[in-house]
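Enquirer: My questions all concern the structure below.
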Amino acid sequence: MASIVLGGATSHSVLLASSPEHWARRARHDAVNPNLYDTDGRPVSYAELLERNQERMRGRLDRSVWDKQWDQCQMALDRMASDIAAARLDALVIVGDDQEELFTEGNRPALAICGHESLRTLYMPSEGSEFLELVTHNYSMDAEHTFPGSPDLARSLVSSLTDRGFDVTWMNTTPDGVGFGHAYGFVLHRLLGDTPVPMVPLMLNTYYPPNQPTPSRCYDLGVALAEAIAAYPADTRVGLLASGGLSHFVVDEELDARLLDALEAGDADALRALPAHLMNSGTSEIRNWVTVAGALRDRRLAWKEYVPIYRSEAGTGCAMAFVLWS
Numbered sequence: 404m405a406s407i408v409l410g411g412a413t414s415h416s417v418l419l420a421s422s423p424e425h426w427a428r429r430a431r432h433d434a435v436n437p438n439l440y441d442t443d444g445r446p447v448s449y450a451e452l453l454e455r456n457q458e459r460m461r462g463r464l465d466r467s468v469w470d471k472q473w474d475q476c477q478m479a480l481d482r483m484a485s486d487i488a489a490a491r492l493d494a495l496v497i498v499g500d501d502q503e504e505l506f507t508e509g510n511r512p513a514l515a516i517c518g519h520e521s522l523r524t525l526y527m528p529s530e531g532s533e534f535l536e537l538v539t540h541n542y543s544m545d546a547e548h549t550f551p552g553s554p555d556l557a558r559s560l561v562s563s564l565t566d567r568g569f570d571v572t573w574m575n576t577t578p579d580g581v582g583f584g585h586a587y588g589f590v591l592h593r594l595l596g597d598t599p600v601p602m603v604p605l606m607l608n609t610y611y612p613p614n615q616p617t618p619s620r621c622y623d624l625g626v627a628l629a630e631a632i633a634a635y636p637a638d639t640r641v642g643l644l645a646s647g648g649l650s651h652f653v654v655d656e657e658l659d660a661r662l663l664d665a666l667e668a669g670d671a672d673a674l675r676a677l678p679a680h681l682m683n684s685g686t687s688e689i690r691n692w693v694t695v696a697g698a699l700r701d702r703r704l705a706w707k708e709y710v711p712i713y714r715s716e717a718g719t720g721c722a723m724a725f726v727l728w729s
């Protein structure tokens, strides 16, 4: 029977896919982003954030600070890549989200599992931008890259999750012109590198209302997912990885601490009670972490790293986090 031999979670921010000399460019994007949410969950303008946070951000946007944060993140990613390699995985289930790389408003399932023999990333043109060339390369989206799937495991997971009360969208083909996005491509490029592991993408609609699963439902999904993996009859070493988060594009260190403290304590009630109304935009990817935490509810963290990166005087940015369960 299959067993989960590795469980982890990683951020996949564009800041990790570029480098500090490009971060200020991304901050300019924040200034015109109409979809910023304050730490109380309400929509907020960049101007409002700037007025409130400009003084607080003094000294946090220095290049020396960014370089140190970059090094912290890269060391954590190197450690995670090493742990994944050491686990000798037969398959890797990635709990991630789609941001209109594969799905659109025409069909946006709350939960989907993909059982392709071979999976294809979405090609995103860089249009001559050095920044986009770097980002798309590190997201495996500078071309239509292919990577192996694990269709038998995927099909078994769908059946087992259905038996446990989850309605799962099933996919084993991808229409032309679309593909898997950065939640999966970043893991493929940065953590697997030259030794790809057959993947099962488990896709949650974390990002787009109205059918985002609640944190409690995500936790229940994780519990059922662990049971579904254990029910797979083949002797298979399975890894489980959440991709995304933590809070962005407005950094919310208090919310991040609630999540990380609950993970550290193995506190199911606290994870279920995380406020869904605060999980907007990129912060919504915390749902992926809660799902994996549910699957690993009987384990404790082996290590964690948290690096809240601010990239503008308004307090926008992305809180990076990386954890591995024992």
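Numbering (this note's numbering), first residue to last: 404 to 729.
Glycine included, every Cβ here is placed at the ideal spot set by N, Cα and C.
Please read these numbers as outputs of a predicted model, since none were measured by experiment.
Does methionine 723 pass the burial test, meaning 16 or more other C-beta atoms within 10 Å, or should it be called exposed?
Expert: Label assigned to methionine 723: buried.
Enquirer: Does any C-beta atom of chain C lie closer than 7 Å to the C-beta of aspartate 481?
Expert: Of the chains in the structure shown, none is chain C; there is only one protein chain.
Enquirer: Take glutamate 520 and list the residues in its own chain whose beta-carbon comes closer than 6 Å to its own, dropping the five residues that flank it on each side.
Expert: For glutamate 520, where only same-chain residues beyond five positions count, the Cβ hits under 6 Å are Gly552, Pro554.
Enquirer: For aspartate 623, count the other beta carbons within 10 Å of its own beta carbon; 16 or more makes it buried, fewer makes it exposed. Which is it?
Expert: Its Cβ being crowded by 16 or more others within 10 Å, aspartate 623 is buried.
Enquirer: May I have the straight-line CA-CA distance separating methionine 527 from alanine 671, to the nearest angstrom?
Expert: Taking the straight line joining both Cα atoms gives about 39 Å.
Enquirer: Let me check one thing: in DSSP terms, what residues is tyrosine 611 bridge-paired to?
Expert: None, per the DSSP bridge assignment.
Enquirer: Please name the residue, chosen from Ile632, Phe652, Ala489, that lies closest to histidine 415 on a Cα-to-Cα basis.
Expert: Considering only alpha carbons, the answer is Phe652.
Enquirer: Cα-Cα, which of Ser406, Val654, Ala405, Thr413 is closest to tryptophan 706?
Expert: The option with the nearest alpha carbon to tryptophan 706 is Thr413.
Enquirer: Would you mind giving the Cβ-Cβ distance between alanine 696 and leucine 663, rounded to the nearest angstrom? I have them listed as a contact below 8 Å.
Expert: Their Cβ separation, rounded to whole angstroms, is 11 Å, which puts alanine 696 and leucine 663 out of contact at 8 Å.
Enquirer: Counting pairs of beta carbons, one from the segment 586-598 and one from the segment 535-542, are three or more of them closer than 8 Å?
Expert: Yes, they touch.
Enquirer: From this set, Ser646, Ala673, Leu658, which residue's C-alpha is nearest glycine 499's C-alpha?
Expert: The option with the nearest alpha carbon to glycine 499 is Ser646.
Enquirer: So, using beta-carbon positions, are leucine 643 and alanine 586 closer together than 7 Å?
Expert: No, Cβ-Cβ distance for leucine 643 and alanine 586 is not below 7 Å.
Enquirer: Would you tell me roughly how many angstroms separate the C-alpha atoms of glutamine 475 and glycine 411, rounded to the nearest one?
Expert: Approximately 17 Å between the Cα atoms of the pair.
Enquirer: Just to confirm before moving on: does the CB-CB distance between tyrosine 713 and arginine 445 stay below 7 Å?
Expert: Result no, Cβ atoms of tyrosine 713 and arginine 445 do not sit closer than 7 Å.
Enquirer: Leaving out five residues before and five after threonine 598 in sequence, what residues of the same chain have Cβ atoms less than 8 Å from its Cβ?
Expert: These residues qualify, in order along the chain: Ala488.
Enquirer: Please name the residue in Ser619, Asp493, Ser422, Leu535 whose C-alpha comes closest to that of proline 601.
Expert: It is Asp493.
Enquirer: List the whole-angstrom C-beta distance separating leucine 607 from leucine 514, where the pair is believed to meet the contact cut-off of C-beta under 8 Å.
Expert: Going by Cβ atoms, the distance from leucine 607 to leucine 514 rounds to 6 Å, so yes, they are a contact pair.
Enquirer: Using a Cβ-Cβ cut-off of 6 Å (strictly less than) and excluding sequence neighbours within five positions of valine 710, which residues of its own chain qualify?
Expert: Gln472, Gln475, Cys476, Met723, listed in sequence order.
Enquirer: Report the three-state DSSP secondary structure of phenylalanine 550 (helix, strand or coil).
Expert: The answer is strand: DSSP assigns phenylalanine 550 an E or B state.
Enquirer: Can at least three beta-carbon pairs, one atom from the segment 567-585 and one from the segment 607-617, be found at a separation below 8 Å?
Expert: In short, these stretches do not touch, since the Cβ pair count stays below three.
Enquirer: Using beta-carbon positions only, say whether isoleucine 689 and glycine 648 come within less than 7 Å of one another.
Expert: Cβ atoms of isoleucine 689 and glycine 648: closer than 7 Å.
Enquirer: So, at 6 Å on beta carbons, what are the nonlocal neighbours of glycine 582 in its own chain, with the 5 sequence-adjacent residues on each side left out?
Expert: Arg523, Thr524, Leu525.
Enquirer: Please list the terminal residues of the continuous beta strand (DSSP E) segment that includes aspartate 433.
Expert: Note, aspartate 433: premise wrong, no beta strand (DSSP E); alpha helix (DSSP H) at 426-433.
Enquirer: For threonine 524, which beta-bridge partners are listed by DSSP?
Expert: The partner list for threonine 524 (beta bridge, DSSP) reads Phe583.
Enquirer: What is the rounded straight-line gap between the Cα of arginine 431 and the Cα of glutamine 502?
Expert: Between arginine 431 and glutamine 502, the C-alpha separation is close to 21 Å.
Enquirer: By the 10 Å Cβ neighbour count, where 16 or more other Cβ atoms means buried, how is glutamate 716 classified, buried or exposed?
Expert: Answer is buried; the Cβ neighbour count reaches 16.
Enquirer: Expressed to the nearest angstrom, what Euclidean distance is found between the alpha-carbon atoms of proline 437 and alanine 637?
Expert: Answer to the nearest angstrom: the Cα atoms are 48 Å apart.
Enquirer: How would you write the range of the beta strand (DSSP E) that leucine 666 sits in, first residue to last?
Expert: It is not in any beta strand (DSSP E) - leucine 666 instead sits in the alpha helix (DSSP H) that spans 656-668.
Enquirer: Output the distance between the C-alpha atoms of alanine 634 and alanine 557, rounded to the nearest integer angstrom.
Expert: Going from the Cα of alanine 634 to the Cα of alanine 557 covers about 12 Å.
Enquirer: Return the chain-ordered list of same chain residues with a C-beta closer than 6 Å to the C-beta of histidine 548, the five sequence neighbours on each side being excluded.
Expert: Answer for histidine 548: Thr524, listed in chain order.
Enquirer: For tryptophan 426 and leucine 439, which I take to be in contact (beta-carbon distance under 8 Å), what is that distance rounded to the nearest angstrom?
Expert: 17 Å between Cβ atoms; not a contact.
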